[in-house]
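Here the structure is laid out as structure tokens; the discussion comes afterwards.
Numbering (this note's numbering), first residue to last: 77 to 169.
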């Protein structure tokens, strides 16, 4: 997917404006969760996400989506990773 199509998808689905994120070689984050839905387009390098014990690798042009509250691990690939990331705030209960 190209960046314009990604921005259009975010807007159509109620996500905030995408921000550029860069993670260096060796970046890893232990299991955590976010209070928002996340949607990201990989623009350079790659990242591995582990959800429920299943590892998925995302490369340039891939999109990953994580619903709010999803426990996951993440680790940048051997060249690090860059991505555009949109957040969709959760409605107050």
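Using N, Cα and C, we set each Cβ at its ideal position, and we do this for glycine too.
All figures in this text were calculated on a predicted structure; none of them were measured in a lab.
Between the options, which lies nearest to residue i when the distance is taken from Cα to Cα?
i           : options               : result
residue 46  : 111, 113 and 142      : As shown, the chain starts at 77 and ends at 169. That puts residue 46 outside it, with no answer to give.
residue 82  : 106, 114 and 107      : 114
residue 118 : 103, 78, 165 and 167  : 78
residue 159 : 92, 166, 116 and 167  : 116
residue 219 : 166, 167, 161 and 165 : Residue 219 lies beyond the stretch modelled for the chain, which goes from 77 to 169, so this question has no answer here.
residue 154 : 139, 140 and 120      : 120
In the DSSP output, which residue or residues are listed as bridge partners for residue i?
i           : result
residue 151 : 104 and 124
residue 162 : 115
residue 130 : 127
residue 98  : 158
Within 10 Å of its beta-carbon, does residue i have 16 or more other beta-carbons around it, so buried, or fewer, so exposed?
i           : result
residue 128 : exposed
residue 145 : exposed
residue 163 : buried
residue 88  : exposed
residue 94  : buried
Just checking my contact of residue i with residue j at CB under 8 Å: how many whole Å lie between their CB atoms?
i           : j          : result
residue 157 : residue 99 : 5 Å
If you check the beta carbons only, do residue i and residue j fall under 8 Å apart?
i           : j           : result
residue 126 : residue 149 : yes
residue 103 : residue 122 : no
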